[in-house]
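Worksheet: one structure, shown below.
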Amino acid sequence: MHHPLHTALCDLLGCEYPIMLAGMDPVSRAELTAAVCNAGGFGVLAATSLTPDQMAAEVKRLRSLTDKPFGIDLLLPARLPDAGSATEFKADIPPAHTGYVRGLYRDFSVPEAASTRGRRALTHSYVREQVEAVVELRPAVFASGLGNSKEVIDLMHSRGIIVASLVGNVKNGVRMAQAGSDIVVAQGHEAGGHTGRIGTLALVPQVADAVAPRPVVAAGGIGDGRGLVASLALGAIGVWCGSAFIPTVEGNAPRWWKQRMLEAADEDTQVTRVYSGKTMRNLRNRLTERWESDGPPALGMPLQGLLMSDFLYSAEQAGRTDLMFSPAGQITGLFKEIKPAAQVVREMVEQATALLERGLARPAAARPPLPRQG
Numbered sequence: 009m010h011h012p013l014h015t016a017l018c019d020l021l022g023c024e025y026p027i028m029l030a031g032m033d034p035v036s037r038a039e040l041t042a043a044v045c046n047a048g049g050f051g052v053l054a055a056t057s058l059t060p061d062q063m064a065a066e067v068k069r070l071r072s073l074t075d076k077p078f079g080i081d082l083l084l085p086a087r088l089p090d091a092g093s094a095t096e097f098k099a100d101i102p103p104a105h106t107g108y109v110r111g112l113y114r115d116f117s118v119p120e121a122a123s124t125r126g127r128r129a130l131t132h133s134y135v136r137e138q139v140e141a142v143v144e145l146r147p148a149v150f151a152s153g154l155g156n157s158k159e160v161i162d163l164m165h166s167r168g169i170i171v172a173s174l175v176g177n178v179k180n181g182v183r184m185a186q187a188g189s190d191i192v193v194a195q196g197h198e199a200g201g202h203t204g205r206i207g208t209l210a211l212v213p214q215v216a217d218a219v220a221p222r223p224v225v226a227a228g229g230i231g232d233g234r235g236l237v238a239s240l241a242l243g244a245i246g247v248w249c250g251s252a253f254i255p256t257v258e259g260n261a262p263r264w265w266k267q268r269m270l271e272a273a274d275e276d277t278q279v280t281r282v283y284s285g286k287t288m289r290n291l292r293n294r295l296t297e298r299w300e301s302d303g304p305p306a307l308g309m310p311l312q313g314l315l316m317s318d319f320l321y322s323a324e325q326a327g328r329t330d331l332m333f334s335p336a337g338q339i340t341g342l343f344k345e346i347k348p349a350a351q352v353v354r355e356m357v358e359q360a361t362a363l364l365e366r367g368l369a370r371p372a373a374a375r376p377p378l379p380r381q382g
């Protein structure tokens, strides 16, 4: 007998519950991905910032922690230079932008530290190397958190890999379905990280209708069992959850990031282009507020990331966590403690099951009346 939450997603992915871990870089590494898989969900490893060799090492570690199927997530922006080095691209950054960042060092009192990361620029040639690495590693699912192409989808299908594509509007949902994506993940404006302009409640049913019978998974502002049940009611067959798994024991986020999420309320995130050049929801901080108030127009990928890379490295070395990259969704006000990932899955499943079994119109429990106003 199937669990009350068993959906077509469970059959497609070989998981117990229709809960997918979002491939959040750098949070969703081997430990978190395996923990979600072992708890009955479907884990997706974030690999955008990993070289092919690093990706292979992370997958080897993941496979030592679970025997369950899992996915790998990459970013596939449509507009990238074909090839080139970080040094070459930095030479293309307008002087006004570099001058503005020079002012950030001064205004935020950040000592300049030479970056030793040896970061590779995000180009089509580099992304192709990453895609080829995914093909060699043969995960159950390839997920694209930003962009996708029929060429990549066909390549994955030729190796028996299921493809999930994230979209932020109906137009791109239809485009991905027509290109052959097996799952369309409709991600609303509430989501952390790269995000679009349409709210989840409005987006999911429109995408579900537009791409039917292609399966849809809901994302954005989903952090507990209530969000899971609501997503199923909207026409999705499961959920793609990110922010709920950042403040977990296994989440590969620094302690300060997790702590800030526990302290944040519903209005403590901000959509900014400062970190990547594309709209990204981040925990509100002094840098996001400053850039969005008087910063120059953001550059495209990969220039904006390269523009900010040395400043962010310097801020990190100086312990300036008030300036750092820390994506989070508007659901963050729900989280009050750091938990094991398995507990997050279990509580989501238990709450959703209770809602389905008792009937949605019945109150969860007796609550004291609200105080009178005036």
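Just so we're aligned, residue 9 is where the sequence shown starts under our numbering, counting upward by one.
We put the CB at the ideal spot given by N, CA and C, even for glycine.
Following the continuous beta strand (DSSP E) through residue i, name the residue where it begins and the one where it ends.
i, result
"Cys249", "247 to 249"
"Gln338", "It is not in any beta strand (DSSP E) - Gln338 carries neither H nor E in the DSSP assignment."
"Ala383", "Nothing can be reported for residue 383, as the shown portion of the chain is limited to 9 through 382."
"Leu291", "288 to 291"
Could you compute how far the alpha carbon of residue i sits from the alpha carbon of residue j?
i, j, result
"Ala30", "Asp100", "33 Å"
"Ser284", "Val44", "28 Å"
"Gly337", "Ala272", "10 Å"
"Glu227", "Val192", "The question names Glu, but residue 227 in the sequence shown is Ala. Using only the alpha carbons, I get a separation of about 10 Å."
"Met164", "His14", "26 Å"
"Pro102", "Arg298", "19 Å"
"Val35", "Pro262", "9 Å"
"Phe97", "Val178", "33 Å"
"Asp427", "Gly327", "An answer regarding residue 427 cannot be provided, because it is not within the stretch 9 to 382 covered by the chain."
"Gly313", "Tyr321", "12 Å"
"Asn156", "Glu355", "33 Å"
"Ser189", "Glu120", "44 Å"
"Leu270", "Glu358", "22 Å"
"Asp217", "Gly111", "49 Å"
"Thr131", "Ala141", "15 Å"
"Ile169", "Val67", "15 Å"
"Leu259", "Ala252", "Before going further, note that residue 259 is Gly rather than Leu in the sequence given. When rounded, the distance between both Cα atoms is 10 Å."
"Pro348", "Ala47", "10 Å"
"Ile346", "Val352", "10 Å"
"Thr280", "Ala194", "20 Å"
"Ser209", "Pro221", "Correcting the residue identity first, residue 209 is Leu in this sequence and not Ser. Cα to Cα, the separation comes out at about 19 Å."
"Ser212", "Leu291", "Here residue 212 is Val; the residue named in the question, Ser, does not match the sequence. If you take the alpha carbons of Val212 and Leu291, they lie about 24 Å apart."
"Ala185", "Val219", "6 Å"
"Asp19", "Ala360", "19 Å"
"Leu240", "Ala151", "21 Å"
"Ala306", "Val282", "7 Å"
"Arg268", "Lys344", "10 Å"
"Thr203", "Ala238", "20 Å"
"Leu242", "Trp264", "35 Å"
Can you tell which of the options has its C-alpha closest to the C-alpha of residue i?
i, options, result
"Val149", "Ala323, Gly51, Arg298, Gly155", "Gly51"
"Met28", "Ile230, Ala121, Asn290", "Ile230"
"Thr74", "Met269, Asp90, Leu40, Lys286", "Leu40"
"Trp248", "Ala172, Tyr108, Gln138", "Ala172"
"Asp274", "Gln214, Val142, Gly341, Ala323", "Gly341"
"Gly49", "Arg71, Met63, Ser317, Leu21", "Leu21"
"Thr56", "Asp232, Leu154, Ile339", "Leu154"
"Tyr25", "Ala38, Arg37, His11, Pro223", "His11"
"Gly308", "His105, Arg71, Gln278", "His105"
"Glu159", "Asp318, Gly200, Ala187", "Ala187"
"Gly200", "Arg289, Thr256, Asp232, Gly207", "Arg289"
"Pro85", "Val215, Thr287, Gln325", "Thr287"
"Thr277", "Leu236, Phe333, Ile245, Leu240", "Phe333"
"Ala362", "Phe78, Val143, Gly233", "Gly233"
"Val143", "Gly107, Asn180, Leu82, Gly181", "Leu82"
Using the three-state DSSP reduction, which class does residue i fall into: helix, strand or coil?
i, result
"Ile80", "strand"
"Val35", "coil"
"Asn156", "coil"
"Tyr134", "helix"
"Cys18", "helix"
"Asn177", "coil"
"Ile27", "strand"
"Thr74", "coil"
"Thr203", "coil"
"Ala185", "helix"
"Val224", "strand"
"His11", "coil"
"Val282", "coil"
"Ala172", "strand"
"Ala129", "coil"
"Ala141", "helix"
"Ala43", "helix"
For the alpha helix (DSSP H) holding residue i, just list the boundary residues, first then last.
i, result
"Val357", "349 to 366"
"Val212", "208 to 219"
Notebook entry, point to check: In chain order, which alpha helix (DSSP H) runs of at least 4 residues are fully inside the region 230 to 276?
Noted result: Look at the region 230 to 276 and you find these whole runs of alpha helix (DSSP H), each 4 residues long or longer: 233 to 241, 263 to 271.
- Ignoring anything shorter than 4 residues or poking outside the region 295 to 329, list the alpha helix (DSSP H) runs there in chain order. 311 to 325
Beta strand (DSSP E) runs contained entirely in the region 45 to 120, provided each spans 3 or more residues: 52 to 54, 79 to 83
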